[in-house]
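Residue numbering for the sequence shown follows the UniProt record's numbering, beginning at 1 and increasing consecutively. Don't be surprised by glycine CBs; every beta carbon is placed ideally from N, CA and C. Just so it is clear, the structure is predicted and the values come from calculations on it, not from any experiment. Some notes on the structure that comes next.
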Amino acid sequence: MNLIAGMVNLMDGMLTSAELIKPLRMKQLIDSFMDLTSDGIVIVDLEGKVIEVNKGFEELHGWTRDEVIGKVLPMTPKEFKDDVFRLYERIIAGEPFSGQECLKMRKDGSSFYANVTISTIKDEQGKVVAFVGIERDITQKKKAEEELKESEERYRVLVECSPEPIVVYTNDRISYANAAAAQLVCATTPEALIGKRVFRFIHPMYLPLTKKVQAVLQECKATELIEIKLIRLDGEAIDVEVRAVLVKFQGRTSVQLLFRDVTDRKRAESKLIESENQFRRLLKLSPEPIVLHCNGIIQFVNDIGNKLFRGNSNEEIVNRHILEFFLPEDHPRIISRLKQSLQTEEFLEFMGYKLRRLDGIFLDVEISSIYVHEHMGSPVIQSVVRDMTERKKTEEYVRTSEKLSIVGQLAAGIAHEIRNPLTSLKGFAQILKARNTDYVDIMLEELDRINYIVNEFMTIAKPHSVTYTENELQALVANVVHFMQPQALLFKVNLKLAVETQMRPTLCEPNQIKQVIMNIIKNAIESMPTGGLVQISMKQKNDKTALIRIEDQGIGIPEDQLAKLGEPFFSMKEKGTGLGLMVCQQIVKAHQGKLSIHSKINQGTTVEIEIPCHLTD
Numbered sequence: 001m002n003l004i005a006g007m008v009n010l011m012d013g014m015l016t017s018a019e020l021i022k023p024l025r026m027k028q029l030i031d032s033f034m035d036l037t038s039d040g041i042v043i044v045d046l047e048g049k050v051i052e053v054n055k056g057f058e059e060l061h062g063w064t065r066d067e068v069i070g071k072v073l074p075m076t077p078k079e080f081k082d083d084v085f086r087l088y089e090r091i092i093a094g095e096p097f098s099g100q101e102c103l104k105m106r107k108d109g110s111s112f113y114a115n116v117t118i119s120t121i122k123d124e125q126g127k128v129v130a131f132v133g134i135e136r137d138i139t140q141k142k143k144a145e146e147e148l149k150e151s152e153e154r155y156r157v158l159v160e161c162s163p164e165p166i167v168v169y170t171n172d173r174i175s176y177a178n179a180a181a182a183q184l185v186c187a188t189t190p191e192a193l194i195g196k197r198v199f200r201f202i203h204p205m206y207l208p209l210t211k212k213v214q215a216v217l218q219e220c221k222a223t224e225l226i227e228i229k230l231i232r233l234d235g236e237a238i239d240v241e242v243r244a245v246l247v248k249f250q251g252r253t254s255v256q257l258l259f260r261d262v263t264d265r266k267r268a269e270s271k272l273i274e275s276e277n278q279f280r281r282l283l284k285l286s287p288e289p290i291v292l293h294c295n296g297i298i299q300f301v302n303d304i305g306n307k308l309f310r311g312n313s314n315e316e317i318v319n320r321h322i323l324e325f326f327l328p329e330d331h332p333r334i335i336s337r338l339k340q341s342l343q344t345e346e347f348l349e350f351m352g353y354k355l356r357r358l359d360g361i362f363l364d365v366e367i368s369s370i371y372v373h374e375h376m377g378s379p380v381i382q383s384v385v386r387d388m389t390e391r392k393k394t395e396e397y398v399r400t401s402e403k404l405s406i407v408g409q410l411a412a413g414i415a416h417e418i419r420n421p422l423t424s425l426k427g428f429a430q431i432l433k434a435r436n437t438d439y440v441d442i443m444l445e446e447l448d449r450i451n452y453i454v455n456e457f458m459t460i461a462k463p464h465s466v467t468y469t470e471n472e473l474q475a476l477v478a479n480v481v482h483f484m485q486p487q488a489l490l491f492k493v494n495l496k497l498a499v500e501t502q503m504r505p506t507l508c509e510p511n512q513i514k515q516v517i518m519n520i521i522k523n524a525i526e527s528m529p530t531g532g533l534v535q536i537s538m539k540q541k542n543d544k545t546a547l548i549r550i551e552d553q554g555i556g557i558p559e560d561q562l563a564k565l566g567e568p569f570f571s572m573k574e575k576g577t578g579l580g581l582m583v584c585q586q587i588v589k590a591h592q593g594k595l596s597i598h599s600k601i602n603q604g605t606t607v608e609i610e611i612p613c614h615l616t617d
């Protein structure tokens with residue numbers, strides 16, 4: 001740009017010395033000068049009309065030479081043209097105009113910033129006859145400056161608004177602090193810290209560490225996180241983490257400190273230690289047997305737990321694997337439950353197992369576990385182990401009492417129910433004495449009814465042992481549906497099974513579950529004398545419960561009769577006894593499940609059976 005400006009001055013001198021050069025030679029010189037640069041050069045007369053442009057101007061603005069010759073300031077936006085003419089007047093008056101940023105316009109209407117120098121061209125008498133403008137595109141420079149400005153602004157905002165305290169010091173004196181730093185040391189404003197010695201805020205016991213920090217900064221320009229204490233302006237000591245890094249600030253080598261207030265964390269850690277001590281004391285004094293184990297290895301057992309295991313001391317149990325105390329066939333269930341405990345913040349429901357004490361005797365126990373914390377990166381699980389011996393005896397006594405109560409109800413009902421068929425048999429027997437045997441079929445039918453009642457009675461009344469095993473509930477129900485499909489077709493009923501979600505294995509007595517499903521489907525078939533559809537659907541209601549829903553299109557049950565369902569000898573069927581549904585309810589109850597019935601007249605009945613995936617003893 002300076003070279004071109006010098007050429008303009010040279011041309012100006014040539015124009016005032018006509019005896020040195022001819023006009024034609026002058027034009028050749030001007031053309032040579034203009035083609036020497038990639039900058040845009042434009043010559044305009046006093047009225048702003050373009051006299052000449054170079055190739056740099058054409059490339060910069062997009063016009064050809066022929067398109068702009070004679071045009072009035074085409075490279076200047078319309079709203080700025082009056083300003084340019086006023087500028088020309090000041091330049092004629094002697095005001096210099098060099099290296100100024102101006103907004104210029106291209107042929108396509110777009111604008112750009114250029115560095116502009118304007119000089120005058122004078123005639124032989126020294127009168128200004130034209131202006132020569134030299135333009136250099138500074139779009140990329142402006143863009144870089146703007147980006148730098150934006151970057152610096154983002155950094156400034158980031159530092160000033162950072163929730164982390166930041167301080168810069170030069171020669172031991174604070175030269176910058178953000179608002180968080182002022183708040184950290186109880187200063188009224190960041191400016192109140194400027195000029196103060198940075199080391200006055202360091203606790204005396206940590207001052208020797210600052211020399212090591214300075215040495216580290218000389219070698220690697222940054223330190224690791226260091227934990228120190230600061231003394232605030234109000235005299236209170238606080239715990240902080242700090243990282244130091246060398247920076248340039250206002251042209252001088254400085255140190256930037258990034259602080260993090262860890263006072264609350266240190267207090268929390270102290271409280272945590274105290275809490276853990278209290279936790280251990282509570283575990284030790286708990287009336288429940290408690291075991292803490294990590295990756296299956298027992299880390300702690302309280303005194304009552306040691307008593308349950310029959311250990312002479314806790315050392316006999318600690319560091320042994322918890323599975324050592326249980327039957328091998330229970331190991332998969334225990335492992336599954338321990339994994340499950342890691343996925344919840346609540347105690348899992350209690351589940352029954354056989355525990356082998358150190359003296360070899362097996363106990364019935366129930367266990368519930370919960371994840372409590374981590375130890376060296378591994379999860380620690382707390383398990384409560386309850387001795388179920390006395391409880392099982394009590395429950396067995398209660399079950400016996402309930403059965404005796406049911407027997408009493410059945411006895412009263414049977415006395416009533418058997419009387420009716422016996423009356424018929426007696427009457428028909430008397431008739432047979434005087435007539436023929438046409439009534440024998442009726443007598444046999446009544447006898448069958450008596451036999452059915454007695455069988456149902458025996459199912460409930462007689463004691464029996466039930467073994468629960470893990471079964472695929474979906475397969476059990478599918479077997480029943482397949483077995484009953486032919487019977488359903490005889491009544492023009494179609495059985496449809498739908499499994500809505502993936503079912504989990506369920507701990508149950510398979511034959512009893514089949515008996516329940518078969519009884520409910522049989523009732524559904526018999527409720528549709530003209531045929532229809534029985535929809536059997538299954539889904540996993542949640543992680544703990546499976547749901548079986550059986551819906552029919554039968555005649556329905558009156559609302560006032562629903563509460564009586566399951567009572568002995570109450571039935572909606574002409575020859576029903578009500579005992580079948582009662583047996584179903586007892587089976588579901590024994591599985592710790594729930595059987596509910598919903599019905600609407602002439603719309604059908606829905607029976608929902610909820611079965612837990614695991615039993616709690």
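Environment of P23 [buried if 16+ CB atoms lie within 10 Å]: Reliability of the predicted coordinates at P23 is poor, the pLDDT of 49 falling under 50, and the value obtained from them is presented with this limitation in mind. Burial call: exposed.
Checklist entry - With DSSP run on the structure shown, which of helix, strand or coil describes L348? => result coil
Review point. Over what stretch of residues does the alpha helix (DSSP H) that includes F57 continue unbroken?
Key: If you look at F57, you'll find it in the alpha helix (DSSP H) that goes 55 to 61.
| message | Tell me the residue span of the alpha helix (DSSP H) that contains P74. | response | From DSSP, P74 is part of no alpha helix (DSSP H); its letter is neither H nor E.
Quick check on the DSSP output: what are the complete beta strand (DSSP E) runs of length 3 or more inside the region 465 to 523, in order along the chain? 469 to 471, 493 to 499, 506 to 508
Worksheet entry | Per DSSP, cross-strand counterpart(s) of N115 | E101, R136
Practice problem: Could you tell me which of V84, R106, S110, T117 sits nearest to G99, measuring between CA atoms? | Solution: Per the Cα distances, T117.
- request: Would you tell me roughly how many angstroms separate the C-alpha atoms of residue 653 and V380, rounded to the nearest one?
  value: Nothing can be reported for residue 653: it is not among the residues displayed for the chain, which extend from 1 to 617.
Which class does K600 belong to by DSSP, given the choice of helix, strand or coil?
Here K600 sits in strand by DSSP.
Going by the CB atoms, is the gap between Y176 and I202 shorter than 9 Å?
no
| request: Determine, using beta carbons only, whether R391 and I367 come nearer to each other than 9 Å. | output: no
Where R173 sits in the DSSP three-state scheme: strand
Meets three-Cβ-pair contact criterion under 8 Å: the region 486 to 496 and the region 515 to 535:
yes
Quiz item: Using CA coordinates, which residue listed in D359, T139, I43 is at the minimum distance from V129?
Solution: I43
### Query
Can you find a C-beta in chain D that's less than 9 Å from the C-beta of I317?
Here there is only one protein chain, and chain D is not present.
| To the nearest angstrom, how far is it from the Cα of I21 to the Cα of L103? | Low local confidence applies: a pLDDT of 42 at I21 is under 50, so the model's placement there is unreliable, and no value is given.
Cβ-based burial, residue 657 [other Cβ within 10 Å; buried from 16]
The shown model of the chain, from 1 to 617, leaves out residue 657, and the question about it has no answer.
What residues in its chain sit with their C-beta under 8 Å from that of F347, if we drop five residues either side in the sequence?
S368, S369, I370, V384
### Query
Fully enclosed by the region 277 to 314, which beta strand (DSSP E) runs are 3 residues long or longer?
290 to 294, 297 to 301
So, with DSSP's three-state summary, where would you put I370?
strand
Q | Whole-angstrom distance between Y353 and D330, CA atom to CA atom | A | Answer to the nearest angstrom: the Cα atoms are 7 Å apart.
key: Presumed contact (8 Å Cβ cut-off) between G311 and I317, rounded CB distance   = 5 Å
Taking Cβ positions, are V245 and K221 nearer each other than 9 Å?
-> Taking 9 Å as the Cβ cut-off, V245 and K221 qualify as a contacting pair.
So, is T605 buried or exposed, given that buried needs 16 or more other C-beta atoms within 10 angstroms? When all chains shown are included, T605 counts as buried.
Inset, instruction - Could you tell me which of I51, A114, V68, F131 sits nearest to F85, measuring between CA atoms? - result: F131
Assigned secondary structure, E185 (DSSP; H/G/I helix, E/B strand, else coil): Rather than Glu, the amino acid found at residue 185 in this sequence is Val. V185 carries a coil assignment under DSSP once its states are collapsed to helix, strand and coil.
Quiz item: Grouping DSSP H, G and I as helix and E and B as strand, with all else coil, what is H321?
Solution: strand
Original post:
Applying the criterion that 16 or more other CB atoms from any shown protein chain within 10 Å of the CB defines a buried residue, is M205 buried or exposed?
Top reply: exposed
Our contact map puts I166 next to Q256 with C-beta atoms below 8 Å; I'd like the distance itself, whole angstroms only. 7 Å
Inset, instruction - Would you decide whether P74 is buried or exposed? Buried here means 16 or more other CB atoms lie within 10 Å of its CB. - result: buried
| request: Kindly list the residues whose CB is nearer than 7 Å to the CB of S378, restricted to its own chain and excluding five residues on each side of it in sequence; keep chain order. | output: C294, N295
Under the rule that 16 or more other beta-carbon atoms within 10 Å means buried, what is N277, buried or exposed?
Counting Cβ neighbours within 10 Å, N277 comes out exposed, since fewer than 16 surround it.
- request: Please report the Cβ distance between A179 and E160, rounded to the nearest whole angstrom; I am assuming they are in contact, meaning their Cβ atoms lie under 8 Å.
  value: 7 Å
Check your understanding: Cα separation between D66 and R136?
Key -> 21 Å
query: Closer than 8 Å: is that where the CB of G296 sits relative to any heavy atom of the ligand NAP?
result: This structure simply doesn't include the ligand NAP, nor any ligand for that matter.
Would you mind sorting I335 into buried or exposed? The rule is 16 or more other CB atoms within 10 Å of its CB.
-> Burial call: exposed.
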